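All residue numbers for the sequence shown refer to my numbering, where the first residue is 16 and numbers rise by one.
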Amino acid sequence: MDGREQLIERSIPFLDEVKNMTAGPEVERWLNETYGPGSALYEDLSRLIRQGVEEGWAANIEVGGRRYRRSRLCEPTARTLNFSITAVYMDSQGGRMVIDDHDHDDEPGGTEASFRGDYHGHPYGELNMVVPLDEKAVLAGPSGWCHAGWTAPGPGSHHYPEVKGGALIALFFLPAGRISYDVKPPVEEPLRSAQP
């Protein structure tokens, strides 16, 4: 069984457990308490998705160059309890940058330039496992910056995926495979380019 198939098989019992949960703050807390770093599920999926990026079968389709890639590992089927599984690789060390001027001194990564991906919505919510590849890499979630662990944007939520502090992989599970890239972002100041 190849790594991709192992990751899907390892995910199925988890998906069976969460199939009737609705993403949001309560589920996010539960995910981090139950399946956070150090748990068998987190460590197994983390190892497999890192392997997938290294071997080129996960997050292998460039969206915004080598620093922003994604791939759907499986479509929603009865086997996966109608969840899709997708991997995204993001690296804040270049690309479309914004300056994070919020005070996050107490959080991993500190105040620095961040990288934003494509604005999108979650019609049915999202369960997102964050796997940092660099020590300070963090992903913005609905409850703040997440280093290693889970975010769970609720149904109807929309955002820019945003990373700072280096590279990470987001392994996310979408009910019915639903994600929307046709939502419009809020009007805000233009993104600034990073200077070498």
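The beta carbon of each residue, even a glycine, is placed where N, CA and C say it ideally should be.
In this text the structure is predicted, and so the values were computed from the model without any measurement.
{"query": "Which of helix, strand or coil DSSP assigns to Y57", "result": "helix"}
{"query": "Range of the contiguous beta strand (DSSP E) that encloses E90", "result": "No beta strand (DSSP E) contains E90, which DSSP labels as neither H nor E."}
{"query": "Where the alpha helix (DSSP H) containing W45 begins and where it ends", "result": "P40 to Y50"}
{"query": "Residue(s) in a DSSP beta bridge with G164", "result": "V145"}
{"query": "For V153, the first and last residue of its enclosing beta strand (DSSP E)", "result": "V153 to G156"}
{"query": "C-beta neighbour in chain B for A73, strict 9 Å", "result": "Among the chains in the structure shown there is no chain B, since it carries only a single protein chain."}
{"query": "Alpha-carbon to alpha-carbon, M16 and Y175", "result": "35 Å"}
{"query": "Terminal residues of the beta strand (DSSP E) in which I100 lies", "result": "F98 to D106"}
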